[in-house]
Amino acid sequence: MSMRILSTRRPDRSQHPLIVRLSSGFRRFQHRWYHPDEPLFQELKRGQKPQALVIACSDSRVDPVLLTDSRPGDLFILRNVANLVHPYVPGGGALSQNAAIEYAVKHLKVQDIIVMGHACCGGIKALVSARARILAGEFLPEAEEDEFIGPWVKVAVRALERAEEGMGEVCLADKARACELWSVRLSLENLLTFPWVKEAVEAGRLALHGWYFDLQSGELLEFDQKEQAFRPLVGRPHAHDLESHGGHHHERRPRAEHWEEHGEALWAHYDSRTMEEGRKKRAHAPEHHREHLPRSPHGHVRGRHD
Ligand SMILES: [Zn+2]
């Protein structure tokens, strides 16, 4: 049915601007990860062995793979509104969430679970601004038709209460930020209500981590259990990353730490190969395909770094 709607609205799907952009992105993904020199998917097609389960918000700005410059297969990810973990309910509860945690812990045997909160979270904002209605099971004031957001975020009301303790009169934004931080801690606590999570943690087979991506400052914070506070795991972006490039996008380079030392050499290697292949493919491609082939990796294709 969705195909029919698409083809009715856009007779030629290849002209749909979003589809064009996403499919050319997929072409760059293939170019990087299905390259003859890149054996990763030879391993991955036999199975996955992710290093961690990451529980993050569905928010489009906080993709854990992008934020950590990870590779396919590195992270097993559960995303939901406000990166919440609902407590364990035998045989029931939040099934989608429970199935993901169960698979990661029991089958993939991940050794780390990272709950990653973030600044400016819409789910937390809904809770903070409409707590009374949410607790009463009423619709959210700004969207009468919402059925599910309130009941989902309601679990974080304990985080909001803790945030408010000792805060005094503060603006909504400050309260929301405190609630975002507390909700990460609450999700960690709720993870421990799963008997097999608790058991694995106590046996030292599994470690839990609380992170917070401050998308306002660019920092990544980590919850320090000893100090019971969030501390920078990665501080603010380096000054040179904040410099304006005067609109010259070709000046942009990958920013990962190791690129500071080796980036130029690696980039030069990758650049010339990508350019050469792009040229070859374009020369033989039908006219309407040429736009999708790589012209230059600058600012679009990440460098190879392993
Ligand atoms: Zn969010």
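So for the sequence shown, my numbering puts the first residue at 365; every next one is plus one. We put the beta carbon where it would ideally sit given N, CA and C, even for glycine.
Nearer than 6 Å: is that true of the beta carbon of residue i relative to any heavy atom of ligand 1?
i, result
"ALA494", "no"
"GLY514", "no"
"GLY574", "no"
"ALA446", "yes"
"CYS672", "Because the chain here runs from 365 to 670, residue 672 falls outside it and cannot be looked at."
"CYS485", "yes"
Within its chain, find whatever has a CB closer than 8 Å to the CB of residue i; leave out the 5 residues flanking it on each side and keep chain order.
i, result
"LEU584", "LEU431, TRP575, TYR576, PHE577, ASP578, PRO596, LEU597 and VAL598"
"VAL517", "VAL445, ALA446, LEU448, GLY487, ILE488, ALA490, LEU491 and ILE498"
"THR557", "PRO451 and TYR452"
"LEU382", "none"
"LEU570", "VAL469, VAL474, GLN475, ASP476, ILE477, VAL561 and ALA564"
"ARG643", "Residue confidence is low: ARG643 scores 41 on pLDDT, short of 50, so the model does not pin down where it sits. No coordinate-derived value is stated."
"ALA593", "PHE587"
"GLY501", "GLY514 and PRO515"
Could you give the DSSP three-state label for residue i: helix, strand or coil?
i, result
"GLU586", "strand"
"ASP427", "coil"
"ARG600", "coil"
"HIS573", "strand"
"PHE680", "The requested residue 680 is not part of the displayed model; the chain covers only 365 to 670."
"VAL521", "helix"
"HIS482", "strand"
"ARG392", "helix"
"ARG595", "strand"
"PRO381", "helix"
"ALA416", "strand"
"SER434", "coil"
"LYS409", "coil"
"TYR452", "coil"
"TYR467", "helix"
"CYS543", "helix"
"MET401", "With the sequence shown as reference, residue 401 is identified as Asp, and Met is not the correct amino acid for it. Correct three-state label for ASP401: coil."
"LEU552", "helix"
"VAL534", "coil"
"ALA494", "coil"
"ASP502", "Per the sequence presented here, residue 502 reads as Glu, with Asp not at that position. Looking at GLU502 - three-state DSSP - the assignment turns out to be coil, as it is neither helix nor strand."
"GLY487", "helix"
"ALA527", "helix"
"GLU566", "helix"
Based on the DSSP output, what are the partners of residue i in its beta bridges?
i, result
"PHE512", "Bridge partners of PHE512: none, in fact."
"ASP578", "GLU583"
"CYS421", "ASN444"
"ASP476", "ALA571"
Identify, in the order they occur along the chain, each residue of the same chain with its Cβ nearer than 6 Å to the Cβ of residue i, setting aside the five sequence neighbours on each side.
i, result
"LEU417", "PHE440, ALA468, VAL474 and ILE477"
"VAL519", "LEU448 and HIS450"
Rounded to whole angstroms, how far is the Cβ of residue i from the Cβ of residue j, which I believe are closer than 8 Å?
i, j, result
"LEU318", "GLY481", "Absent from the structure is residue 318, since the part of the chain shown begins at 365 and ends at 670."
"PHE405", "TYR398", "6 Å"
"ARG495", "VAL521", "7 Å"
"GLU528", "LYS539", "7 Å"
"ARG443", "SER422", "5 Å"
"VAL479", "SER424", "With 8 Å as the limit, VAL479 and SER424 do not qualify as a contact, their Cβ atoms being about 19 Å apart."
"LEU536", "SER493", "6 Å"
"PRO436", "LEU408", "6 Å"
For residue i, which residues of its own chain have a beta-carbon under 7 Å away from its beta-carbon, when the five flanking residues on both sides are left out?
i, result
"ARG541", "ALA483"
"ASP438", "PRO414 and GLN415"
"ALA464", "LEU442"
Could one say the Cβ of residue i lies closer than 7 Å to chain D's Cβ atoms, at least one of them?
i, result
"GLU566", "Here chain D cannot be found, since the structure has a single protein chain."
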